[in-house]
Amino acid sequence: MKTIDGIVPVMLTPFTEQNDVDYPGLAKLIDWYIDKNVDALFAVCQSSEMQFLSLEERVAVARFVVEHVQGRIPVIASGHISDDLNAQVEELSAMAETGIDALVLVTNHLDPQKAGSDTFFANLNHLLDALPKTLPLGLYECPAPYRRLLSDEELTYCANTGRFVVLKDVSCDLATVTRRVGLVQGTPLNIINANAAIAFPAMKAGSRGFSGVFTNFHPELYVWLYHHHQENPELAEELADFLSLAAVTETLGYPKNAKVYHQRLGTFTSIQCRVNKDDVLEKYWGLTVILDQIRHGTEHYQKKITR
2 MKTIDGIVPV MLTPFTEQND VDYPGLAKLI DWYIDKNVDA LFAVCQSSEM
52 QFLSLEERVA VARFVVEHVQ GRIPVIASGH ISDDLNAQVE ELSAMAETGI
102 DALVLVTNHL DPQKAGSDTF FANLNHLLDA LPKTLPLGLY ECPAPYRRLL
152 SDEELTYCAN TGRFVVLKDV SCDLATVTRR VGLVQGTPLN IINANAAIAF
202 PAMKAGSRGF SGVFTNFHPE LYVWLYHHHQ ENPELAEELA DFLSLAAVTE
252 TLGYPKNAKV YHQRLGTFTS IQCRVNKDDV LEKYWGLTVI LDQIRHGTEH
302 YQKKITR
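In this note's numbering, the protein residues as written are 2 to 308.
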């Protein structure tokens, strides 16, 4: 069982202008992440536009990522988008065969009608019985279609099964992250915060890394913050402020704005996006300048952390 911790980018899915998955672009993206020294990859998640991928595409993307990574770092994936329990078993069983290191369950699909813990536990246990016992699992409080935060009882239950290795925490609340770190102590389950505003304090409180959307812009800065902040605490605080402010840009057309960013870097040839059809540079006045500022700020801190 591989440990899932550190900086875990939520992967984008590049598309061609014909709206097919751009596998050469995906290969470049994988190499870009690995060149930035990330610790693992989260494929087929919300940033990957998984709700807009067919099951065949979800499986193919996960398998491609695993094959291109070639064991250099762990790969986790979800693809869990259905509310119907039989459909969940089908899609998760298919994802389980892709060679990933952990299969991530989305919490809102375990309680799709907001019925509460009884429904959550019934659906969870059904999936635990149906899925391979040898495949490590994860949990993801995905914001879509609704953010379904785990109760302390639900989290503790999952942790104590011994089958879960990671929770992508989307509480966006430092007190909650801190409490959860204590709840899972002594189990294989790591809490990894996904909110940039609390990224650094959450790390200091015991979050085992970071897995937020701005790992698609400057993952290397989060890598330094997590693994090396003790070398220069003053710089770490300064960097954390920059990362928090930069991440506000998520509200300006993400994930399409991240694809614009990668097109400028040369990773992608197209900014085609299934979840967002807008011309984000036209819709969000100033976005093109902000993306330039993020790139310049990133280069500034790249120099600072390598001195």
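Virtual Cβ for every residue (Gly too), placed ideally from N, Cα, C.
Residues near residue i in its chain [Cβ-Cβ closer than 7 Å; skip 5 each side]
i       : result
Gly-298 : Phe-243, Ala-247
Pro-133 : Ala-97
Phe-65  : Tyr-24, Leu-27
Leu-93  : His-81, Leu-104, Leu-128, Leu-132
Ile-295 : Phe-218, Ala-247, Thr-250
Limits of the unbroken beta strand (DSSP E) element including residue i
i       : result
Lys-169 : 165-170
Ala-78  : 76-78
Asn-38  : Looking at the DSSP string, Asn-38 is not in any beta strand (DSSP E), and its letter there is neither H nor E.
Contacting residues, own chain, Cβ-Cβ under 6 Å from residue i (five flanking each side not counted)
i       : result
His-230 : Ala-237
Val-39  : Ile-8, Pro-10, Pro-220
Pro-15  : Asp-23, Gly-26, Leu-27, Phe-269
Ala-41  : Ile-5, Val-9, Ile-74, Pro-75
Residue closest to residue i, alpha-carbon to alpha-carbon, out of the options
i       : options                            : result
Lys-284 : Phe-269, His-263, Thr-252, Gln-303 : Thr-252
Leu-175 : Leu-190, Phe-201, Leu-184, Leu-168 : Phe-201
Val-290 : Val-45, Ile-8, Asn-258, Asn-233    : Asn-258
Ile-8   : Thr-17, Lys-37, Leu-30             : Lys-37
Cys-143 : Asn-20, Glu-239, Val-281, Ser-49   : Ser-49
Met-12  : Ile-77, Ile-5, Ser-55              : Ile-77
Asn-124 : Phe-16, Ile-295, Val-107           : Val-107
Arg-278 : Lys-305, Tyr-255, Asp-293, Leu-266 : Note that residue 278 is Lys in the sequence shown, not Arg. Here the closest residue by C-alpha is Tyr-255.
His-301 : Leu-240, Leu-168, Asp-102          : Leu-240
Asp-84  : Asp-112, Leu-226, Asn-233          : Asp-112
Gly-163 : Ile-101, Ile-31, Asn-191           : Asn-191
Gln-19  : Val-281, Leu-288, Gln-273, Thr-250 : Gln-273
Cys-46  : Leu-288, Asn-217, Tyr-227, Arg-209 : Asn-217
Ile-101 : Leu-86, Gln-114, Ser-118, Leu-138  : Leu-138
Ile-5   : Gly-210, Gln-186, Arg-275, Lys-260 : Gly-210
Pro-234 : Leu-56, Lys-305, Thr-179           : Lys-305
Bridge partner(s) assigned by DSSP for residue i
i       : result
Leu-106 : Leu-140
Asn-191 : Val-167
Gly-7   : Gly-210
Phe-65  : Answer by DSSP bridge pairing: none, since Phe-65 is not bridged.
Val-22  : Phe-16
Bounding residues of the alpha helix (DSSP H) (the contiguous stretch that carries residue i)
i       : result
Asn-266 : Checking the sequence shown, residue 266 turns out to be Leu, not Asn. Looking at the DSSP string, the run of the alpha helix (DSSP H) that includes Leu-266 is 257-266.
Lys-291 : Before going further, note that residue 291 is Ile rather than Lys in the sequence given. Counting along the chain, the alpha helix (DSSP H) containing Ile-291 begins and ends at 288-306.
Tyr-285 : It is not in any alpha helix (DSSP H) - Tyr-285 carries neither H nor E in the DSSP assignment.
Pro-220 : 220-229
Thr-177 : 175-184
Met-96  : 86-97
Pro-234 : 234-248
Arg-155 : It is worth fixing the name first, because residue 155 is Glu in this sequence and not Arg. 153-162 is the extent of the alpha helix (DSSP H) around Glu-155.
Ser-55  : Run containing Ser-55: none; DSSP gives neither H nor E here.
Ser-48  : Counting along the chain, Ser-48 falls outside any alpha helix (DSSP H), and DSSP gives it neither H nor E.
Ser-83  : Element bounds for Ser-83: n/a, residue is neither H nor E.
Asp-130 : 118-131
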